[in-house]
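Here the structure is laid out as structure tokens; the discussion comes afterwards.
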Amino acid sequence: MKKYTYTDKKDTRSGFGDGLLEAGKRNPEVVALCADLVGSLKMADFIKAFPERFFQTGIAEANMIGMAAGLTIGGKIPFTGTFANFSTGRVYDQIRQSVAYSDKNVKICASHAGLTLGEDGATHQILEDIGLMKMLPGMTVINPCDYNQTKAATIAIAEHHGPVYLRFGRPVVPIFTDADQKFEIGKAWMVNEGADVSIFATGHLVWEAIQAGEKLAEEGIDAEIINIHTIKPLDAEAVLKSVAKTGCVVTAEEHNRLGGLGDSIAQLLAVNNPTPQEYVAVNDSFGESGTPAQLMTKYGLDAEHIIAAAKKVMARKKQNS
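For the sequence shown, the UniProt record's numbering assigns the number 1 to the initial residue and increments by one for each residue that follows.
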């Protein structure tokens with residue numbers, strides 16, 4: 001098992017804020033809009049550098065999406081910012097009609113996604129957003145794993161033409177990817193090559209998958225771990241190549257098991273290479289109030305549950321052979 005270490009921890013939303021500032025420096029057409037959550041979205045540095053390129057819409061998320069769509073007509077590249085729940089569920093009609101259907105170059109940037117929003121509870125924790133967004137034709141869906149990757153992804157989507165949903169979070173998490181990385185939309189990242197089981201993880205679950213891989217290695221299990229930071233378009237080639245080698249799959253995500261990464265991979269495998277698969281995801285329920293760590297453990301989104309899923313799916317593979 002390849003060893004990954006870290007010397008610092010940082011929230012992925014800060015990666016977005018720093019990436020937005022860099023994207024603004026590189027391209028004068030980049031503009032930002034926020035629905036009264038500048039501090040939470042870490043947009044202050046962009047506003048300080050480019051005050052004339054920032055629009056505070058207030059708590060009017062639907063209007064923010066409409067404004068962003070309109071700005072693209074003049075050649076602007078708008079980045080919208082609010083919580084993931086309000087970035088998707090609250091404004092789905094506006095995104096569908098004004099952004100996706102019209103193929104507008106809007107970057108929908110969503111913080112505080114998943115359970116790790118924590119104490120704010122189920123009304124603010126959205127676990128359906130990946131499913132909502134990936135079903136929209138033409139929508140790119142990205143869910144990076146740490147500060148560095150989120151910063152790189154933010155810069156990359158400014159250079160990509162078309163609607164994008166960028167998902168990131170509130171908690172401080174280990175920084176374990178390269179600071180100078182080039183983010184490739186639609187290209188999975190091989191974290192560790194292995195032969196016994198494929199673990200496809202996204203977002204905060206990538207670090208948990210690494211921890212799981214280390215413990216599995218101590219037991220003689222060689223896990224292949226792949227970071228699926230781009231859920232749509234899915235890197236089908238990487239998935240199928242890995243599964244052809246290992247013959248069994250675990251998917252890990254901070255999302256409802258319905259409609260997320262696991263479903264995307266299951267669809268791909270059903271058509272191309274039916275394979276035993278286990279899900280590490282929230283099992284069709286809403287969240288609740290609690291610390292991020294408490295919630296991740298209670299809802300089974302940690303290294304121990306990935307380990308259990310890996311052993312279970314390997315047993316299924318053996319049974320089928």
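Note that beta-carbon positions come from the ideal geometry of N, C-alpha and C, so glycine has one too.
Fill in: Identity of the residues DSSP links to residue 277 by a beta bridge
According to DSSP, residue 277 bridges with 249.
Worksheet item: On the three-state DSSP scale, how would you describe residue 92?
Response: Judged by DSSP in its simplified three-state form, residue 92 adopts helix.
Worksheet item: Counting along the chain, where does the beta strand (DSSP E) carrying residue 56 start and finish?
Response: Note, residue 56: beta strand (DSSP E), 54–56.
Worksheet item: Given a threshold of 16 other Cβ atoms within 10 Å of its Cβ, counted over all protein chains shown, does residue 104 qualify as buried or as exposed?
Response: So residue 104 ends up on the buried side.
Discussion item. My output table needs one value for residue 321: the three-state DSSP class, helix, strand or coil.
Written reply: Three-state DSSP puts residue 321 in coil, outside helix and strand.
Worksheet item: Per DSSP, residue 83 is paired with what?
Response: Paired residue(s): 111.
Worksheet entry | For residue 133, the three-state DSSP class (helix, strand or coil) | Under the three-state reduction of DSSP output, residue 133 falls in the helix class.
Practice prompt. Would you tell me roughly how many angstroms separate the C-alpha atoms of residue 94 and residue 66, rounded to the nearest one?
Written response: If I take the Cα positions, the gap works out to 7 Å.
Worksheet item: In its own chain, which residues sit with a C-beta less than 8 Å from the C-beta of residue 214, not counting the 5 before and 5 after it?
Response: Result list for residue 214: 1, 3, in chain order.
Worksheet item: Just curious, the alpha helix (DSSP H) that residue 165 is in, first and last residue?
Response: First-last for residue 165: 164–167, but that is the beta strand (DSSP E), not the alpha helix (DSSP H).
Worksheet entry | Straight-line gap, residue 145 to residue 151 (C-alpha atoms, nearest Å) | Distance between the alpha carbons of residue 145 and residue 151 is about 10 Å.
Worksheet item: Whole beta strand (DSSP E) runs in the stretch 180–204 with 3 or more residues, listed along the chain?
Response: DSSP runs (the beta strand (DSSP E)) wholly in the stretch 180–204: 189–192, 197–201.
Worksheet entry | Three-state secondary structure (DSSP) of residue 292 | Helix, per DSSP.
Worksheet item: Less than 8 Å separating the beta-carbons of residue 29 and residue 77?
Response: Yes, Cβ-Cβ distance for residue 29 and residue 77 is below 8 Å.
Worksheet item: Would DSSP call residue 148 helix, strand or coil?
Response: DSSP places residue 148 within a helical segment (H, G or I) once states are collapsed to three.
Worksheet item: Expressed to the nearest angstrom, what Euclidean distance is found between the alpha-carbon atoms of residue 53 and residue 83?
Response: Cα-Cα distance, rounded: 21 Å.
Worksheet item: Just checking my contact of residue 24 with residue 46 at CB under 8 Å: how many whole Å lie between their CB atoms?
Response: Their Cβ separation, rounded to whole angstroms, is 6 Å, which keeps residue 24 and residue 46 in contact under 8 Å.
Item to complete: Helix, strand or coil for residue 322, going by three-state DSSP, please let me know.
Response: Nothing about residue 322 can be read from this structure; the chain reaches only from 1 to 321.
Worksheet item: Identify the residues that DSSP records as bridge partners of residue 33: which are they?
Response: Under the DSSP definition of a beta bridge, residue 33 partners with 55, 80.
Item to complete: Given a cut-off of 8 Å, decide if residue 16 and residue 41 are closer than it, judged by their beta-carbon atoms.
Response: Less than 8 Å divides the Cβ of residue 41 from the Cβ of residue 16.
Worksheet item: Are there 16 or more other CB atoms within 10 angstroms of the CB of residue 279, so buried, or fewer, so exposed?
Response: Around the C-beta of residue 279, 16 or more other C-beta atoms lie within 10 Å, and the residue is accordingly described as buried.
Worksheet item: So which of 208, 143, 162, 260 has the shortest CA-CA distance to residue 5?
Response: Among 208, 143, 162, 260, the Cα nearest to that of residue 5 belongs to 208.
Discussion item. If you follow the alpha helix (DSSP H) that residue 62 is in, where does it begin and where does it stop?
Written reply: Per DSSP, the continuous alpha helix (DSSP H) segment holding residue 62 begins and ends at 61–73.
Fill in: Continuous beta strand (DSSP E) stretch holding residue 172: start and end
From DSSP, the beta strand (DSSP E) with residue 172 extends over 172–174.
Fill in: Span of the alpha helix (DSSP H) around residue 272
From DSSP, the alpha helix (DSSP H) with residue 272 extends over 261–272.
Practice prompt. Flag this pair as yes or no: are the beta carbons of residue 167 and residue 129 separated by less than 8 Å?
Written response: By the CB criterion at 8 Å, residue 167 and residue 129 fall inside the cutoff.
Worksheet item: Counting pairs of beta carbons, one from the stretch 218–232 and one from the stretch 137–144, are three or more of them closer than 8 Å?
Response: Verdict: yes, contact present.
Item to complete: Would you kindly check if the distance between the Cβ of residue 199 and the Cβ of residue 212 is under 8 Å?
Response: Taking C-beta atoms as the reference points, residue 212 and residue 199 count as a pair closer than 8 Å.
Worksheet entry | residue 232 in three-state terms, based on DSSP | Strand, per DSSP.
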